[in-house]
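Since the structure comes first, as structure tokens, the remarks are kept for the end.
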Ligand code: B12
Ligand code: SF4
Ligand code: SF4
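Numbering (the working numbering), first residue to last: 3 to 333.
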């Protein structure tokens, strides 16, 4: 990894950072694509993308008026993905167990705070705003502007050396740093169309390099909290019950990075039950657990993990869909 000012390489690696980039450009290069996507309603049912916050995405200064620069970091979950591939487990997306079972919003915020402290020791009056998924910031575009990769046909931000199994987290700063400007990456998908062909629900528009959100299994299993019908083609999935990695798993740019790492599934002691739930219990038993618990009970058990998002109703919907298709699927 390239040197980040006075911060040691070992320190960044200890935080599972694969690479970092720097940009002083506050304006997304693909805002017009985003705007078009919203206007065509392709974001439905993700209402939060199309409300008053959509305009905030057009310039980082609308979110953080003191913006002068940004450091963008890629946080790996490659080892968990490797373990899942080796064990033929696709029930939950790799990111969801990639941070010891914890919700990455908490874990990575803390890691970004630690990096910031190291910078603060070097630059007086340095202030920050953390962008980590939930803020109205176009994070893939920010990573692109920081020279970290290109937009794949599956719409993922892909890094030439590290692939796409990472979470993007950024520090927006109130000062410019003495760092060179980035070299922007170019498209490396070429004639490949593997992700478009592999998506069981035909959610990818490869030409536009975007998704039709309501066809995506990830939307259905993570973002839809009530009884709903699975998108057409769900029966051809691999039995995904939370999130979906199919369009990343077939991407040739993820082969080399996974070949370099060893497969690990590390779970915090208090979350070790997640392994039993998702990989050991028959899904009918898992369904019984969710049906027996109250809404609050489910929340309480899953609090602190990514899995509390769909809630009891959402989980029942996911498992029902899984049960209705599991005999036919499996790639
Ligand atoms: C909404 C959302 C979703 C939605 C919609 C997905 C989507 N493609 O937008 C759903 C629920 C489906 C989803 C799923 C997933 N997500 Co999500 N999601 C987001 C979120 C909150 C906003 C994304 C957004 O703004 N979409 C708007 C649409 C228009 O963007 P887009 O489809 O990516 O299209 C862009 C480019 O392709 C580009 N583009 C399009 N055409 C063209 C043409 C040219 C010439 C150019 C230059 C550019 C260009 O412009 C568009 C706008 O930037 C971000 C976090 C954030 N704040 O940014 C995370 C984020 C994108 N998600 C992430 C992850 C990990 C996932 C999943 C892998 C989780 C899973 N395993 O289930 C899947 C992957 C599905 C997929 N193939 O995209 C990561 C992606 C990391 C990476 N390497 O890219 C992010 C960045 C979160 C994070 N902090 O790391 N997600
Ligand atoms: S995450 Fe799954 S359903 Fe969504 S676009 Fe990728 S392959 Fe298709
Ligand atoms: S699978 Fe092929 S087309 Fe899809 S993102 Fe990867 S390289 Fe691009």
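Yeah, the Cβ is synthetic: ideal placement off N, Cα and C, and Gly gets one too.
Skipping 5 residues on each side, what residues in its chain have a beta carbon closer than 6 Å to that of residue 30?
Along the chain shown, read from residue 1 onward, the residue named residue 30 stands at position 28. The answer, listed in chain order, is 140, 143.
Figure out for me which residue from 228, 25, 13, 326 has the closest Cα to the Cα of residue 1.
Residue 1 lies beyond the residue range present for the chain, which begins at 3 and ends at 333; the question has no answer from this structure.
I think residue 96 touches residue 246, with their Cβ atoms under 8 Å apart; what is that distance to the nearest whole Å?
Position 94 of the chain shown, counted from the first residue, corresponds to residue 96. Position 244 of the chain shown, counted from the first residue, corresponds to residue 246. With 8 Å as the limit, residue 96 and residue 246 do not qualify as a contact, their Cβ atoms being about 10 Å apart.
Over the uninterrupted beta strand (DSSP E) stretch that includes residue 21, give me the two end residues.
Position 19 of the chain shown holds residue 21. 19-25 is the extent of the beta strand (DSSP E) around residue 21.
Helix, strand or coil at residue 204 [DSSP, three-state]
Along the chain shown, one-based indexing puts residue 204 at 202. In this structure, residue 204 counts as coil in the three-state DSSP scheme.
Helix, strand or coil, according to DSSP, for residue 82 in the structure here?
Position 80 of the chain shown holds residue 82. Of the three classes helix, strand and coil, the one that applies to residue 82 here is helix, per DSSP.
Is it the case that the region 77-94 contacts the region 36-52, given that we only count it when at least three CB pairs across the two stretches are under 8 Å?
no
What residue range does the beta strand (DSSP E) around residue 168 cover?
Start at 1 with the first residue of the chain shown, and residue 168 comes out as number 166. 168-175 is the span of the beta strand (DSSP E), which, as asked, contains residue 168.
Curious, which full-length alpha helix (DSSP H) runs of at least 4 residues does the region 209-257 contain?
248-251
Are the CB atoms of residue 155 and residue 195 within a distance shorter than 8 Å?
Numbered from its first residue, the chain shown carries residue 195 at position 193. Numbered from its first residue, the chain shown carries residue 155 at position 153. Contact: yes.
Report the rounded CA-to-CA distance for residue 87 versus residue 114, giving the unit in angstroms.
The residue you call residue 87 lines up with position 85 of the chain shown. The residue you call residue 114 lines up with position 112 of the chain shown. Roughly 29 Å between the two C-alpha positions.
Test item: CB-CB of residue 219 and residue 203 under 8 Å
Here residue 219 is taken as the residue at index 217 of the chain shown, counted from 1. Here residue 203 is taken as the residue at index 201 of the chain shown, counted from 1. Yes, the Cβ-Cβ distance between residue 219 and residue 203 is below 8 Å.
On a CA-only basis, which of 183, 56, 4, 294 is nearest residue 147? Give me that one, please.
Here the question's residue 147 lines up with position 145 in the chain shown. Comparing Cα positions, the closest option is 183.
Any idea what DSSP makes of residue 133, helix, strand or coil?
Counting from one through the chain shown, the residue named residue 133 turns up at place 131. Note: residue 133 maps to strand in three-state DSSP.
I need the DSSP call for residue 31, collapsed to helix, strand or coil.
As a first step, residue 31 must be located in the chain shown, where it is residue number 29. Residue state, collapsed to three classes: coil.
Let's test the definition: count the other Cβ atoms within 10 Å of the Cβ of residue 158 and tell me whether it reaches 16, buried, or not, exposed.
Against the chain shown, residue 158 aligns to sequence position 156. By the 10 Å Cβ count, residue 158 comes out buried.
Simplified DSSP assignment, three categories, for residue 6:
Locating residue 6 in the chain shown gives position 4, where the first residue counts as 1. Residue state, collapsed to three classes: strand.
Return yes when the Cβ of residue 126 is within less than 8 Å of the Cβ of residue 253, no when it is not.
As a first step, residue 253 is located in the chain shown; it is residue number 251 there, counting from the start. As a first step, residue 126 is located in the chain shown; it is residue number 124 there, counting from the start. Not in contact: residue 253 and residue 126 (Cβ atoms no closer than 8 Å).
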